[in-house]
Amino acid sequence: MRIEPAASILGHLAVPGDKSISHRAVLLAAIGEGETRITGFGRSADTEATIGAVRALGVRVYEADSETLHVFGVGLRGLKPPRKPIDCANAGTLMRLLPGILAGQEGSFRLTGDESLSTRPMERIAEPLRRMGVAIETTDGHAPLTIEGGEVRPIDYELPVASAQVKSAVLLGGIFAREGETTVVEPFPTRDHTETMLAAAGAYVRRRQKSATVRPVERLELGEIEVPGDFSSAAPLIAATTLIPGSELTVHGLNLNPRRIGLLDVLERMGARVTVFNRRRIGGEAGGDLDVRPAELVGTNVNAAEVPLLVDELPLFALLAVHAHGDSVLSGAAELRAKETDRIEAVVDGLRRLGAHIRATEDGFVVRGVPTRLKGGTMDSRGDHRIAMVASIAGLASREGVEVEGSESVAVSFPGFYDLLESLRQ
Ligand code: S3P
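Residue 203 in my numbering sits at position 200 of the sequence shown; the count goes up by one each step and never skips.
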């Protein structure tokens, strides 16, 4: 896909439903009592893998329209082992959360994923689940996974890495224990959608700044859940508007969970002009609308404590920093090397080819910002949706345009991304 420079970005829009919340809504609805109606569902290749997974486990899902699902829950322990392995495709969240739920089911389950997912670390969930008494095997630390469900023991677990996916796997396992509390302590606060949704479904959840505790549940019931817009899908558009003079963008109905919007704090330090208005609750979480105008940026630093709050937006931070006055440094983000691809290498190598002054470090990158447009060229997404979006925004803000290799990967989280970009481009 070739992305030509844009004169400006102009428009009012809403983005698809949040991917993290969409996965969780389908998974919890599947083990809920009776029918759950999910509105604002964020349809993408990743979340469709989750629909496919719960169907394979015997759950009926009726798709009233592309954003409205009716999930007919089979109850807490009602999932049935399918004859074939469950294909998690590219969805790390599915492959890491589902085992927590399967821990409490009768039978043997096998999970597979695509090539990228099969290189990602899975011992991080297997290890705590084993401590909970679950028989779970990885393939040399990776997918395919095999899980034998049954009795679950509660644990107190200190996360070695700040990961919402691992925290969620352990908490989900914990609700299946016969008795006793399960507590997860995290090095830094990570997204807490699982805790919020479990509580909404009737579970006992106790929350601290850096820990979460659950008790065993007898039943879960969501009833209805509205999925707010995905901040991570809006983020590339926020970056484009900030970088391209004459732009003006309003985004409606976004999830503004404080543990998801670290990019807004970083942008504020950089001098960006983003205003939040119409703050309200959407789907039991903080939400609102955003107004974005272009701005001259200055460099800033992002370190380990802040990383989980914008983990999926860090490649975009690189692009913003490249266009800022002065230096920027990202540190404490080695986790980026374990995402859909090594996102440190992918973004550093890709932006350098477009003319940026950026170099990789072990756990981040160092940028020498130059407040002019990048020349442009070719950038390889390496099959990673977030990198493809960064490359596309780089193209919009460049002098000569960018050829994005592997642009189709945007469908993993945001299938309508390119249509939306075209509708906003002036
Ligand atoms: C997610 C958590 C994050 C994030 C991913 C979605 C989630 O991963 O990068 O896109 O839904 O819990 P980690 O928990 O591995 O950091």
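C-beta: ideal position from N, C-alpha, C; glycine also.
Spatial distance of residue i from residue j (CA atoms)
i, j, result
"Leu436", "Ala172", "The shown model of the chain, from 4 to 429, leaves out residue 436, and the question about it has no answer."
"Gln429", "Ala129", "49 Å"
"Thr364", "Glu271", "25 Å"
"Thr216", "Arg355", "44 Å"
"Glu251", "Ile139", "50 Å"
"Met135", "Leu357", "48 Å"
"Gly176", "Thr253", "40 Å"
"Arg222", "Gly103", "16 Å"
"Phe280", "Asp233", "16 Å"
"Gly409", "Ile396", "15 Å"
"Phe112", "Ala204", "25 Å"
"Asp117", "Ile89", "11 Å"
"Val18", "Ile54", "20 Å"
"Asp68", "Gly419", "16 Å"
"Met125", "Pro248", "44 Å"
"Asp195", "Val57", "22 Å"
"Ala92", "Glu51", "9 Å"
"Ala359", "Met98", "35 Å"
"Val407", "Arg5", "6 Å"
"Gly25", "Arg46", "Looking at the sequence shown, residue 25 is not Gly but Ser. For Ser25 and Arg46, the distance between alpha carbons rounds to 8 Å."
"Leu100", "Thr375", "43 Å"
"Pro8", "Leu246", "12 Å"
"Arg340", "Val314", "11 Å"
"Ala32", "Ile178", "15 Å"
Run of the beta strand (DSSP E) containing residue i, from where it starts to where it stops
i, result
"Ala17", "Leu13 to Ala17"
"Ile34", "From DSSP, Ile34 is part of no beta strand (DSSP E); its letter is neither H nor E."
"Thr253", "Glu251 to Asn258"
"Ala298", "That residue, Ala298, is in no beta strand (DSSP E); it is neither H nor E in DSSP."
"Ala400", "Ala400 -> no beta strand (DSSP E), and no H or E assigned at all."
"Gly367", "Gly367 to Gly372"
"Ile54", "Looking at the DSSP string, Ile54 is not in any beta strand (DSSP E); the run it does join, the alpha helix (DSSP H), is Ala48 to Ala59."
"Glu146", "In the sequence as displayed, the identity of residue 146 is Ala instead of Glu. Start and end: His145 to Glu151."
"Ser214", "Ser214 to Val217"
Check: residue i C-beta below 7 Å from any heavy atom of the ligand S3P
i, result
"His26", "yes"
"Thr381", "no"
"Thr193", "yes"
"Val314", "yes"
"Glu309", "no"
"Lys213", "no"
"Thr96", "yes"
"Ser171", "yes"
"Ala67", "no"
"Ala414", "no"
"Ser401", "no"
"Ala56", "no"
"Glu198", "no"
"Ser119", "no"
"Glu406", "no"
"Glu227", "no"
"Ala32", "no"
"Ser236", "no"
"Gln108", "no"
Extent of the continuous alpha helix (DSSP H) run through residue i
i, result
"Met382", "Taken as a continuous stretch (DSSP letters only), Met382 belongs to no alpha helix (DSSP H), being part of the beta strand (DSSP E) at Gly380 to Asp383."
"Tyr421", "Phe420 to Leu427"
"Val230", "No alpha helix (DSSP H) contains Val230, which DSSP labels as neither H nor E."
"Ala106", "Taken as a continuous stretch (DSSP letters only), Ala106 belongs to no alpha helix (DSSP H), as it is neither H nor E."
"Leu267", "Gly265 to Met273"
"Ser171", "Ala167 to Gly177"
"Leu201", "His196 to Ala203"
"Ile128", "Glu126 to Arg134"
Any chain B beta carbon closer than 8 Å to residue i
i, result
"Met125", "Absent from the structure: chain B. Only one protein chain is present."
Beta strand (DSSP E) segments (min. 3 residues) lying fully within the segment 314 to 364: 329 to 333 and 361 to 364
Stretch-stretch touch, CB-based, cutoff 8 Å, three pairs: the segment 240 to 254 with the segment 394 to 411: yes
Using 8 Å as the cut-off, can you tell me whether the segment 141 to 149 makes contact with the segment 118 to 128, which would need three or more C-beta pairs spanning the two stretches below that distance? yes
Three-pair Cβ contact test at 8 Å for the segment 280 to 289 versus the segment 196 to 209: yes
Are three or more beta carbon pairs between the segment 209 to 227 and the segment 128 to 142 nearer than 8 Å? no
Inter-stretch contact (C-beta, 8 Å, three-pair minimum) for the segment 257 to 272 and the segment 317 to 324: Taking 8 Å as the limit for Cβ pairs, the verdict is that the segment 317 to 324 does touch the segment 257 to 272.
Under 8 Å, with one C-beta from each stretch per pair, do the segment 370 to 378 and the segment 330 to 350 reach the 3-pair mark? Proximity of the segment 370 to 378 to the segment 330 to 350 meets the contact definition, three or more beta-carbon pairs being nearer than 8 Å.
For the pair the segment 180 to 194 and the segment 302 to 319, tell me if three or more CB-CB distances fall below 8 Å. yes
For the segment 416 to 428 against the segment 8 to 20, are there 3 or more C-beta pairs whose distance is under 8 Å? Yes: at least three Cβ pairs fall under 8 Å.
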